[in-house]
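Numbering (the numbering used here), first residue to last: 599 to 745.
In this text, a Cβ means the ideal position worked out from N, Cα and C, and glycines have one as well.
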Amino acid sequence: MDAESHITLYGIDDSEENSRPYSSEGIKAGFPSPAEQYKGETIDLNKELVRHREATFYTKINGDSMKEAGISDGDIAIVDCSIEPRDGDIVVAVIDGEYTLKHFRRDESNKCVWLVPANPDFKPIKVTEENNFNVWGVVTYTIKKMR
């Protein structure tokens, strides 16, 4: 396994409103547009990003096995444990007692699951009936530190 085998989970604390200034019109990433006055809108990220409060956790990413999927060491993943994983989802999985964050791939022809990194320096993990395996949750969002 890689360096992601230890995981720290943080529950959702929405005991008080946590709204921040927000622009629902967005900001163009192409040609600049004229700046408008701030309209006084707010957003609460827990309400925006968390669909299933009791089944959702935040965790910090350790390692760079998913860097080509845009997930880097130190990013924060929002993980929903109530969602059934689909082929291609990024999941937090437990295999033989160790946590990992990988793409979930179902291989129907070989009757197995693959946990696939998004970094060529890491090898895919074949999950078979011999493994103690569980998908713990599906990553629904990541939060990236830019500097």
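- In the structure shown, the three-state DSSP call for E652 is helix.
- Looking at the DSSP output, K700 shares a beta bridge with V689.
- Rounded to the nearest angstrom, the gap between the Cα atoms of I741 and T654 is 15 Å.
- Assignment of A716 by DSSP, reduced to helix, strand and coil, places it in the coil class.
- Across the set Y656, V677, G686, the C-alpha of G686 shows the shortest separation from the C-alpha of A667.
- Residue state for K658 is assigned as strand, using DSSP reduced to three classes.
- Rounded to whole angstroms, the Cβ separation of K724 and W712 is 6 Å, and the two are in contact under 8 Å.
- Taken through DSSP and simplified to helix, strand or coil, K724 comes out as strand.
- Under a 10 Å Cβ-count criterion, G695 is classified as exposed, with fewer than 16 other Cβ atoms of the shown protein chains found around its own Cβ.
- By the Cβ neighbour-count rule, G672 is exposed, with fewer than 16 other Cβ atoms within 10 Å of its own.
- Shortest Cα-Cα distance from D719 to any of N660, I641, K665, T640 involves K665.
- Taking a 10 Å sphere around the C-beta of T698, we find 16 or more other C-beta atoms and assign the residue as buried.
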